[in-house]
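Before any comments, here is the structure.
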Amino acid sequence: MREVAVIGVGMTRFGELWSQSIRDMFAEAALKAMDDAGVKKIESLYVGCMSSGLYTAQEHLGSVMADYIGQRGAAAVRVESACASGGQAVRAAFMEVASGACDIALAGGVEKMWDAEDSSMVLATASDQEYEAYSGVTFPGLYAMMARAYMERYGLTREELAAVPVKNHKHAINNPHAQYPQPLTIEGVLKASLVADPLRLMDCSPISDGAACVILCPLDKAKQYTDKPVKIVGIGSASGPIALHDHADFTRLDAVRLAGERAYKMANVSPKNISFVEVHDCFSIAEIIVAEELGFFEYGKAGKAIANGAGTYGNGVVINPSGGLKAKGHPVGATGVAQVIECTLQLQGKAGKRQVENARYGMAQNMGGSGGSSVVHILEAQ
Amino acid sequence: MAISPRYTREIPHRYRLEAQRFSSGYVTLANRYVDPETGSREFENITLSGKGKILTWTVISIAADAYTRETPFVIAVIETEEGARLTAQVVDCMPEDVKTGASVELVFRKIMEEGASGIINYGYKAILI
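In the order they appear, the protein sequences are chains A and B. The opening residue of the first sequence carries number 1 in the numbering used here; numbering runs sequentially from there. The opening residue of the second sequence carries number 1001 in the numbering used here; numbering runs sequentially from there.
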């Protein structure tokens, strides 16, 4: 396989983008990424999107987006793995460039969530429709059941759980693309309305519109386009049980552990080499379990560690310097690509006030459903 | 999210708790052809007793439109005495009565209506015993 680098990035602000359609958002992000890399022609386009059909009644996104970013004729396809669609789009583009089938690939992600009337129904399609969603359970409900299992087993308190979104909002203050760059307090989490007990509104990532795109090319050609290419050194992708009730242990996410192990092996690094990690904190409990599955903490320890100040600047691995899904926003198909963009900016030294100093390796972990899929990327500064 | 033919296919497990026991001992209410852990393809059809225990649970306050009228409602992951795992509402109780480990029994109930002109959907919910 050829070595592959990120040579350009572009994204919209995340939030309630009422004036922009799904193609408007994708075009904004894609054209920014192409300008950043200085490329005019895309050979192959991968569009990560969870549910444009249900959200906006538009399928066939590969063709739509190629047409609207001036790339008619390019190979173009949509990639879907629920909330991990964006990360899977990056992986698919990586594989095509690594294989030698093309030199310039665009991996993008997009979701237009605010056009839908019944977002809970759309999101529940990422669970097991016949055996879970039919009962009336929602995605917050599935993660709430994981949270209850974790809290009962490890003694994590409701206040300690609140430290995760509080930390992520603190990080988002310095992110100009964030949907909610406002500070949040523990009290603010505890007083928020219940969504699915014990999870409250401030434990949950928001409904967001947004798009994010990266341009990939072979590492040995990257210097033609940028002084600061960032190399993708490890990728792991794995599936897990589609239904939460089929997880042997509700405090674990097997797909995350497997994807992490595969990425570490490919990159030949270990958790201690990683300076920062963008994790899929769709709900507060998810960040805790994911941080454990990726090897940053022992099982049962991440929640209390974050409550005691771990996961932020100056205290070991920085978790979600961008603000994470909770505060940056979570346009589901765009999220995995936006995580790779955060890694790229950090490793290029372009992350502004949220810069993690002296980072060589960064990681992005994207997840679908209640652990039905996960994809992990490890990137290295050059 | 159910239309009539699709709904009909699900009747054996939703109405009658028809399940499968694989040669490995794995029991599944969801219709499967392969035991996901051992790869065994040999199974017998069984009918669940409907008795089980709550493994974890939540109270849903914000639901999809089809279920909004029922909020707040309890949802639990249940393991039946045969070892099958499923997700179901726990009804006829107050949320404060629900505990991890509590014994439940599955009962036949209305689940939802498919809009004003669609069919009425039925299936299993759980009650505390």
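Even glycine gets a Cβ: it sits at the ideal position worked out from N, Cα and C.
Item	Value
With respect to the alpha helix (DSSP H) encompassing residue 154 of chain A, which residues constitute its N-terminal and C-terminal limits?	139–154
Counting along the chain, where does the alpha helix (DSSP H) carrying residue 171 of chain A start and finish?	158–172
Tell me residue 1112 of chain B's beta-bridge partners as DSSP assigns them.	B/1121
Taking the alpha-carbon positions, what's the residue 196 of chain A to residue 1057 of chain B distance?	10 Å
Alpha carbon to alpha carbon, how far is residue 1044 of chain B from residue 1001 of chain B? Give it in angstroms, no decimals.	Per-residue confidence for residue 1001 of chain B stands at a pLDDT of 48, beneath the threshold of 50, marking its modelled position as unreliable; the derived number appears in the next sentence. Distance between the alpha carbons of residue 1001 of chain B and residue 1044 of chain B is about 30 Å.
Across the region 215–228 of chain A and the region 269–285 of chain A, are there enough close Cβ pairs to call them in contact, namely three or more that are closer than 8 Å?	no
Between A/148, A/20, A/30, A/91, which has its C-alpha nearest residue 415 of chain A's C-alpha?	Missing from the structure shown is residue 415 of chain A; chain A here goes from 1 to 382 and no further.
Take every Cβ of the region 333–353 of chain A, pair it with every Cβ of the region 77–93 of chain A, and state whether three or more of those distances are shorter than 8 Å.	yes
Which residues mark the beginning and the end of the alpha helix (DSSP H) in which residue 335 of chain A is found?	332–348
According to DSSP, residue 261 of chain A sits in a beta bridge with which residue or residues?	BP columns for residue 261 of chain A are empty, so no partner.
Beta-carbon of residue 70 of chain A versus every beta-carbon of chain B: anything under 8 Å?	no
Got a sec: which bits of the region 144–159 of chain A sit with their beta carbon under 7 Å from any beta carbon on chain B, in order along the chain?	144, 145, 148, 149, 152
Starting from the beta carbon of residue 132 of chain A, find every residue of chain B whose beta carbon is closer than 7 Å, and list them in chain order.	1087
What are the boundary residues of the alpha helix (DSSP H) that includes residue 284 of chain A?	284–293
Given this structure, state the Cα-to-Cα distance separating residue 132 of chain A from residue 37 of chain A, to the nearest angstrom.	44 Å
Taking 8 Å as the cut-off, does the region 1010–1022 of chain B touch the region 310–318 of chain A (at least 3 CB pairs, one atom from each stretch)?	no
Thinking just about the alpha-carbon of each residue, which of A/107, A/204, A/98 is nearest to the one in residue 11 of chain A?	A/107
Hey, is residue 1005 of chain B's beta-carbon within less than 8 Å of any beta-carbon in chain A?	no
Thinking just about the alpha-carbon of each residue, which of A/29, A/99, A/124 is nearest to the one in residue 137 of chain A?	A/124
Should residue 265 of chain A be labelled buried (16 or more other beta-carbon atoms within 10 Å of its own) or exposed?	exposed
Please list the partners that residue 1058 of chain B has in chain A, where partner means a Cβ-to-Cβ separation under 7 Å.	141, 144, 145, 148, 196, 197
Output needed for residue 148 of chain A: all residues of its chain with C-beta closer than 7 Å, excluding positions within five of it in sequence on either side, in chain order.	198
When you compare each of B/1070, B/1005, B/1018, B/1008 to residue 1082 of chain B by their alpha carbons, which one comes out closest?	B/1018
Short check: CB of residue 180 of chain A to CB of residue 327 of chain A, under 8 Å?	yes
Select from A/103, A/99, A/45 the residue whose C-alpha is nearest the C-alpha of residue 78 of chain A.	A/45
What does DSSP give as the partner residues of residue 366 of chain A in its beta bridges?	A/375
Go through its chain and collect everything with a Cβ distance to residue 270 of chain A's Cβ below 8 Å, but skip five positions before and after it.	264, 295
Keeping to the same chain, check which residues put their C-beta closer than 7 Å to that of residue 304 of chain A; ignore five residues upstream and five downstream.	156, 160
Decide if the region 208–220 of chain A is in contact with the region 13–26 of chain A; the criterion is three or more beta carbon pairs, one per stretch, under 8 Å apart.	yes
Would residue 1033 of chain B be called buried (16 or more neighbouring beta carbons within 10 Å of its own) or exposed?	exposed
Do you know whose CA, among A/54, A/367, A/72, A/375, lies nearest residue 62 of chain A's CA?	A/72
Let's see if you can read the secondary structure: which residues bound the beta strand (DSSP E) around residue 25 of chain A?	That residue, residue 25 of chain A, is in no beta strand (DSSP E); its alpha helix (DSSP H) goes 22–37.
Mapping DSSP to helix, strand and coil, what is residue 88 of chain A?	helix
Listing by chain order, which chain B residues have their CB less than 7 Å from the CB of residue 135 of chain A?	1075, 1087, 1088, 1089
Report all residues from its chain with a CB closer than 6 Å to the CB of residue 289 of chain A; omit the five preceding and five following residues, and keep chain order.	253
Restricting to runs no shorter than 3 residues, where is the beta strand (DSSP E) found entirely within the region 181–218 of chain A?	194–197, 209–218
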